[in-house]
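Here the structure comes first, spelled out in structure tokens, and everything after it is commentary.
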Amino acid sequence: MPSDHATVTPLDALWQPSVILWAIMAGEGLALLLTIAPGATEDHWSYFGLASLCIQWVLLLSLGTLYALRHPLSRVRPLLIACLAIALLAVFTWGALGAAWLLLGNDWGMSTGAWRATLLSCTGIAVTVGLLGLAAFHNHWRARQLAVRAKQAELEALQARIRPHFLFNTLNTGAALVHQRPEETERLLLDLSDLFRAALAGPREITLADELALVRRYLEIEGLRFGDRLRVEWQVPVALPDLAVPALSIQPLVENAIRHGVEPVATGGDVHLQVATNGDWLEVTVANALPSAPVRPTTGHQVGLNAVRARIQAMTHGRGSVRTTTAEGRYTAVIRIPLTP
Numbered sequence: 001m002p003s004d005h006a007t008v009t010p011l012d013a014l015w016q017p018s019v020i021l022w023a024i025m026a027g028e029g030l031a032l033l034l035t036i037a038p039g040a041t042e043d044h045w046s047y048f049g050l051a052s053l054c055i056q057w058v059l060l061l062s063l064g065t066l067y068a069l070r071h072p073l074s075r076v077r078p079l080l081i082a083c084l085a086i087a088l089l090a091v092f093t094w095g096a097l098g099a100a101w102l103l104l105g106n107d108w109g110m111s112t113g114a115w116r117a118t119l120l121s122c123t124g125i126a127v128t129v130g131l132l133g134l135a136a137f138h139n140h141w142r143a144r145q146l147a148v149r150a151k152q153a154e155l156e157a158l159q160a161r162i163r164p165h166f167l168f169n170t171l172n173t174g175a176a177l178v179h180q181r182p183e184e185t186e187r188l189l190l191d192l193s194d195l196f197r198a199a200l201a202g203p204r205e206i207t208l209a210d211e212l213a214l215v216r217r218y219l220e221i222e223g224l225r226f227g228d229r230l231r232v233e234w235q236v237p238v239a240l241p242d243l244a245v246p247a248l249s250i251q252p253l254v255e256n257a258i259r260h261g262v263e264p265v266a267t268g269g270d271v272h273l274q275v276a277t278n279g280d281w282l283e284v285t286v287a288n289a290l291p292s293a294p295v296r297p298t299t300g301h302q303v304g305l306n307a308v309r310a311r312i313q314a315m316t317h318g319r320g321s322v323r324t325t326t327a328e329g330r331y332t333a334v335i336r337i338p339l340t341p
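Note that full-length UniProt numbering has the sequence shown beginning at 1, numbered continuously upward.
Right, dumping it as structure tokens:
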């Protein structure tokens, strides 16, 4: 179900490509240090290969286990999660060394005492590396959260500058219709109140169906303003996925399509909105025909697009995206959101 605030935890970031890449690089660096350390075996390549294999298995299994348990662990205190991470590193280290002992112990000719010493030293290394990794990840997460909050504040300030443009146009339309078409004026004001109630509620998540309902209210308002100049084509399935999206994330793309594909053209234009699932992804496409005469770009277009992109990425922890293309006289914006957490 949608929530009022996106719940973002550090465990959600553990299985991202950048985190996995850094973990692999750190593991290879540790394997190299163990290989060139004083007292290491003279067969450096074999030692490096075995150390690298064991370290990578330990790191990836630990990260994978924490990521798989991220939902039940979301209710656990961070200190207990840190202790669990250290314990996983130790357990998987023992497992890797135990497998190496069973497979290679006789070939290497190491005594039981030597293997015990190796087990203790590797356990100490795993715990030390785990503590250093937790400290580094904690600092990285704090910096990331501060950056997200600063970006959100910036986006809210920029959005506050854009909203009056739509408000003034809507009120002017209502003033022009109030005497001639009072019923439509009443509907316009009700739709406007719904949109601004959603806008003033702040950053939150709503269902996809509710977001599309807000888009329909917005298009009803713009339909009164542009009349036959605005032509809208909907391709929306009857059964929508039960998915949360940021409130007012699709509406800005539709607004941009109208401002740049309908408003500057005397004969108007068309706006195409499609909702579809593609594998494990939800895709929302908003497209409009480009005017034949060049139109001077406005800062509001990029601000609205960047705001939607930032909110989608924040909600999906970097997995979602907003992509735009221009081809064959049409401008297309596509929102991609994973259907699974």
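C-beta: ideal position from N, C-alpha, C; glycine also.
Assignment of arginine 187 by DSSP, reduced to helix, strand and coil, places it in the helix class.
The residue from Ser193, Glu183 and Leu69 with its alpha-carbon nearest to that of threonine 170 is Ser193. The alpha-carbon separation between valine 127 and glycine 320 amounts to approximately 35 angstroms. Glutamate 283 is bridged by DSSP to Ala276 and Arg336. The three-state secondary structure of alanine 244, taken from DSSP, is strand. Out of Phe48, Pro38, Leu63 and Leu132, the CA that lies nearest to the CA of leucine 21 is found in Leu63. Serine 321 has Arg336 as its beta-bridge partners, per DSSP. Beta-bridge partners of glutamate 233 (DSSP): His272. Secondary structure at arginine 225: helix, using DSSP grouped into helix, strand and coil. The C-alpha of leucine 177 is placed about 54 angstroms away from the C-alpha of leucine 11.
About 22 angstroms separates the beta carbon of aspartate 280 from that of threonine 325, a gap too long to meet the 8 angstroms contact definition.
Isoleucine 206 carries a strand assignment under DSSP once its states are collapsed to helix, strand and coil. Nearest in C-alpha terms to alanine 333, of all of Ala307, Ser292, His317 and Asn288, is Asn288. Cβ neighbours of alanine 51 within its own chain (closer than 6 angstroms, five residues either side excluded): Ala31 and Leu34. Annotation for glycine 329: no alpha helix (DSSP H) segment contains it, and DSSP assigns it neither H nor E.
Here alanine 266 carries a coil assignment [DSSP, helix/strand/coil]. Per DSSP, the continuous alpha helix (DSSP H) segment holding serine 52 begins and ends at 44-68. For histidine 140, the closest alpha carbon among the candidates Pro338, Arg309, Gly269 and Ser18 is that of Ser18. Per the C-alpha coordinates, the member of Glu205, Gln235 and Arg204 positioned closest to arginine 216 is Gln235.
In the DSSP assignment, tryptophan 22 falls within the unbroken alpha helix (DSSP H) covering 17-36. Sequence-distant partners of glutamine 274 (beyond 5 residues in either direction) whose C-beta falls short of 6 angstroms from its own C-beta, in its chain, are Gln235 and Thr285. With contacts defined as CB atoms closer than 8 angstroms, glycine 124 and isoleucine 86 fail to qualify as a contacting pair. The residues Leu214, Val215 and Tyr218, in chain order, have a CB closer than 7 angstroms to that of glutamine 251 in the same chain once the five nearest residues on each side in sequence are set aside. Between the beta-carbon of leucine 230 and that of glutamate 222 there is about 6 angstroms, and that keeps the pair under the 8 angstroms contact cut. At least 8 angstroms separates the beta-carbon of isoleucine 337 from that of valine 238.
The beta-bridge partner set that DSSP reports for asparagine 288 consists of Val271 and Tyr331.
DSSP, read as helix, strand or coil, puts arginine 75 in coil. Inclusion of tyrosine 331 and histidine 272 in the CB contact set at 8 angstroms is not warranted, their separation being larger than that value. When the beta-carbon positions are compared, proline 241 and leucine 282 come within less than 8 angstroms of each other.
Alanine 68 and arginine 197 have their C-alpha atoms spaced approximately 38 angstroms apart.
In this structure, DSSP gives glutamine 251 a helical state, which the three-state scheme calls helix.
DSSP, read as helix, strand or coil, puts histidine 179 in coil. Closest by C-alpha distance to glycine 27, out of Cys54, Trp45 and Trp15, is Cys54.
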